[in-house]
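As you go down the protein sequences, you meet chains F and H in turn. Just add 14 to the spot in the first sequence (first one is 1) and you have my numbering. Just add 14 to the spot in the second sequence (first one is 1) and you have my numbering. Ideal placement from N, C-alpha and C gives every residue a C-beta, glycine not left out. Reviewing the structure listed below.
There are 2 protein chains.
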Amino acid sequence: MTATETPPVGRRERKKQRTREALIEAAFTLFGEKGFDATTVEEIADAVDVSSRTFFRYFASKEDVALTFQADLHDAVLRSLAERPAHEPVMTALRRAAVGTVLACERGELGFDPSRFRCLMDLVGDSPTVLAGSLEHAQKKQSDLTRAVAARMGVDPGEDLRPHVVAASAVSAFQAAGDVIRCGVLGFGALSEAVDAAFALIEEGLNFPSASGGVSPPR
Amino acid sequence: MTATETPPVGRRERKKQRTREALIEAAFTLFGEKGFDATTVEEIADAVDVSSRTFFRYFASKEDVALTFQADLHDAVLRSLAERPAHEPVMTALRRAAVGTVLACERGELGFDPSRFRCLMDLVGDSPTVLAGSLEHAQKKQSDLTRAVAARMGVDPGEDLRPHVVAASAVSAFQAAGDVIRCGVLGFGALSEAVDAAFALIEEGLNFPSASGGVSPPR
DNA sequence: GCCAAGCTGTCATAGACTGACAGATGTCGT
DNA sequence: ACGACATCTGTCAGTCTATGACAGCTTGGC
């Protein structure tokens, strides 16, 4: 969260919120300077002038502070999905929700900070620890997504395989897009474009032939 | 790998292999008894009568020992994919390679130990740490898969988004299948069946309508 | 049998994370 | 304003994962 203006009632709540935000800010700054692994929890805590014990009262782990942003992003996608018109096929609705959210993120809308977004992408790309945490978190969120998709399809996720596959594929579209951006290849300038293209491919079905055109069978 | 009968040349090599296998065996036993987190590296090492320092000379981390099996499985899928006839569409080839490998695993063929396979699935389901490691490892292997798929399609993974999406979708089929099995729902008795069904759905394209009134699931 | 190379154990260390306790600070009723 | 209470925080002590350094033992080649 970067700017949610829900004024907490008491001074204590406000202070807590400030401390939390300061810790995130300091963490991202240090991660950007020295990298994730080279940054210690103590350094982050010192930068905000709290004890490292206190850090762990705000975040369950060092990864956790890096993934707050990703958590917000996922929530935004879920919220956006709920607002898509009911006549859209599930995969289309998912694609528009995902692309819209990523676009908003890139443009700094909805209270998202684009520079922090970029920093997160670098962290995920550079640090295996953060990558693992990111995937784990995505996996957890995937079950929420499965339920949302099942509800939209009007089926029971306990009896139908399809919502599971749809949710998993949506997540994999994100992964493939991130993959492509990280490799720096192709003409995709922004993540939103790559996400859109990946979703489109999945929607259409992945019936690609092996060894393009009329290649003579070797053997 | 559980039983690869390639006798290493020297006694030293054989001893190393035995130590490694013993560590895996002890680890899986302890994980099964006490769970992943409650088992310490020292306990595993003690069970084989080596120092914990030695443990880390065989495995990079505690997760690593749990994921050796998964690594073997992934390698087997890649090898199986290479052997699929060239006329099969990529996704079909991938599906048959995946299902065939999982089936072999469930039947205890190819040197795979079914009980260890089950233990791994439980570990992944129960311990977030192992889950994160498993996903991270899968992500790494996904880039290998992307290259293999690109080669099979005869395209450059640096210019074409499709192999990335295909590989990511294949991995997501596995995830969805594991998801479904772990939830214990549906009529899928074994992972291989769920994997097959998930691949089939993706191949056909995920064009499902949203909550249309009175449509019943096919099959 | 000897020597170099490779394994292993021991010691020391850093860093992530947790439980327990005491002191500081905010909140609320009166 | 003042005291009772809840909550937050720092300090301390401790566990566990993981790594570097060094010394001693085992193995393989000669």
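Quiz item: By DSSP, does MET15(H) sit in helix, in strand, or in coil?
Solution: Here residue 15(H) corresponds to residue number 1 of the second sequence, with the count starting at 1. Any reading at MET15(H) must be qualified, since the residue scores a pLDDT of 46, below 50, and its modelled position is unreliable; the value itself is stated next. If DSSP states are grouped into helix, strand and coil, MET15(H) belongs with coil.
Exercise. Just the chain F side, please: which residues come within less than 8 Å of MET105(H) by C-beta, in chain order?
Key: Here residue 105(H) corresponds to residue number 91 of the second sequence, with the count starting at 1. Per Cβ cutoff of 8 Å: LEU220, ASN221 and PHE222.
Quiz item: Straight-line CA distance for LEU149(H) to THR143(H)?
Solution: Taking the first residue of the second sequence as 1, we reach residue 149(H) at position 135. Taking the first residue of the second sequence as 1, we reach residue 143(H) at position 129. For LEU149(H) and THR143(H), the distance between alpha carbons rounds to 10 Å.
Quiz item: When the cut-off is 8 Å and only beta carbons count, does MET135(H) lie next to chain F?
Solution: Here the question's residue 135(H) lines up with position 121 in the second sequence. Under the Cβ distance rule, MET135(H) does not count among the residues neighbouring chain F, no pair being separated by less than 8 Å.
Exercise. Reducing DSSP to helix, strand and coil, say where VAL229(F) ends up.
Key: Counting from one through the first sequence, the residue named residue 229(F) turns up at place 215. With a pLDDT of 44 at VAL229(F), under the threshold of 50, the modelled position of that residue is not reliable, and the figure given next carries that caveat. In the structure shown, VAL229(F) sits in coil (DSSP, three-state: anything other than H, G, I, E or B).
Quiz item: Under 8 Å, do GLY156(H) and ALA190(H) count as touching if we go by C-beta distance?
Solution: Here residue 156(H) refers to the residue found at position 142 when the second sequence is read from its first residue. Here residue 190(H) refers to the residue found at position 176 when the second sequence is read from its first residue. Reading off the sequence, residue 156(H) comes out as Gln, not Gly. Result no, Cβ atoms of GLN156(H) and ALA190(H) do not sit closer than 8 Å.
Quiz item: Nearest CA to the CA of ALA211(F): which residue from LEU134(F), THR106(F) and ALA152(F)?
Solution: Position 197 of the first sequence, counting from 1, holds the residue named residue 211(F). Checking every option, the nearest Cα to that of ALA211(F) belongs to THR106(F).
Quiz item: Rounded to whole angstroms, how far is the Cβ of ILE216(H) from the Cβ of LEU220(F), which I believe are closer than 8 Å?
Solution: Here residue 216(H) refers to the residue found at position 202 of the second sequence. Here residue 220(F) refers to the residue found at position 206 of the first sequence. That belief holds up - the Cβ atoms of ILE216(H) and LEU220(F) are roughly 6 Å apart, short of 8 Å.
Quiz item: Got a sec, what are the start and stop residues for the alpha helix (DSSP H) GLU220(H) sits in?
Solution: If you number the second sequence from 1, residue 220(H) lands on position 206. Note that residue 220(H) corresponds to Leu in the displayed sequence, not to Glu. Premise fails: LEU220(H) is in no alpha helix (DSSP H) and is neither H nor E.
Quiz item: Residues of chain F with a CB under 8 Å from the CB of GLU97(H): which are they?
Solution: Numbered from its first residue, the second sequence carries residue 97(H) at position 83. Simply none; closest approach about 11 Å.
Practice problem: Please check if any C-beta of chain H sits within less than 8 Å of the C-beta of ALA162(F). | Solution: Against the first sequence, residue 162(F) aligns to sequence position 148. So no, ALA162(F) is outside the interface.
Quiz prompt | Residues that ASP78(H) contacts on chain F, provided the C-beta gap is smaller than 9 Å | solution = Residue 78(H) sits at position 64 when you count from the first residue of the second sequence. Within 9 Å Cβ-Cβ: nothing; ASP78(H) doesn't reach chain F, min ~12 Å.
Practice problem: Could you tell me if HIS88(H) is buried or exposed, where buried requires 16 or more neighbouring beta carbons within 10 angstroms of its beta carbon? | Solution: Numbered from 1 along the second sequence, position 74 holds the residue referred to as residue 88(H). HIS88(H) should be labelled buried.
Quiz prompt | Where LEU159(H) sits in the DSSP three-state scheme | solution = Walking along the second sequence from the start, residue 159(H) turns up at place 145. Residue state, collapsed to three classes: helix.
Exercise. Ignoring anything shorter than 4 residues or poking outside the stretch 44 to 120 of chain F, list the alpha helix (DSSP H) runs there in chain order.
Key: 55 to 62, 66 to 72 and 76 to 96
Exercise. Have a look at SER94(F) and LEU81(H) and give me their C-alpha separation to the nearest angstrom.
Key: Along the first sequence, one-based indexing puts residue 94(F) at 80. Along the second sequence, one-based indexing puts residue 81(H) at 67. So the alpha carbons of these two residues sit roughly 37 Å apart.
Exercise. Determine whether the Cβ of VAL91(F) lies closer than 8 Å to any Cβ atom of chain H.
Key: For the purposes of this step, residue 91(F) is taken as the residue at position 77 of the first sequence. By this cut-off, VAL91(F) is not an interface position.
Exercise. Measure from the alpha carbon of ALA111(H) to the alpha carbon of each residue in PRO128(H), ARG121(H), LEU92(H) and ALA100(H), then state which is nearest.
Key: For the purposes of this step, residue 111(H) is taken as the residue at position 97 of the second sequence. The option with the nearest alpha carbon to ALA111(H) is LEU92(H).
Practice problem: Enumerate in chain order the residues of its own chain whose CB-to-CB distance from ALA118(H) is below 6 Å, with the five nearest sequence positions on each side excluded. | Solution: Along the second sequence, read from residue 1 onward, the residue named residue 118(H) stands at position 104. Closer than 6 Å at the Cβ level, and outside the excluded window around ALA118(H), lie LEU124.
Self-check item: Sub-8 Å separation of VAL55(H) and LYS30(H) beta-carbons
Solution: Here the question's residue 55(H) lines up with position 41 in the second sequence. Here the question's residue 30(H) lines up with position 16 in the second sequence. Their beta carbons are not under 8 Å apart, which means VAL55(H) does not touch LYS30(H) by this criterion.
Exercise. Give me the Cα-Cα distance between ARG28(F) and LYS48(F), rounded to the nearest whole angstrom.
Key: The residue labelled residue 28(F) in the question sits at position 14 within the first sequence. The residue labelled residue 48(F) in the question sits at position 34 within the first sequence. Rounded to the nearest angstrom, the two C-alpha atoms are 30 Å apart.
Quiz prompt | Touch test, the stretch 125 to 132 of chain H against the stretch 128 to 140 of chain F, Cβ-Cβ under 8 Å, three pairs minimum | solution = no
Quiz item: Which same chain residues, not among the five before or five after SER66(F), have their C-beta less than 6 Å away from its C-beta?
Solution: As a first step, residue 66(F) must be located in the first sequence, where it is residue number 52. Only VAL55, GLU56 and ALA59 meet the Cβ criterion.
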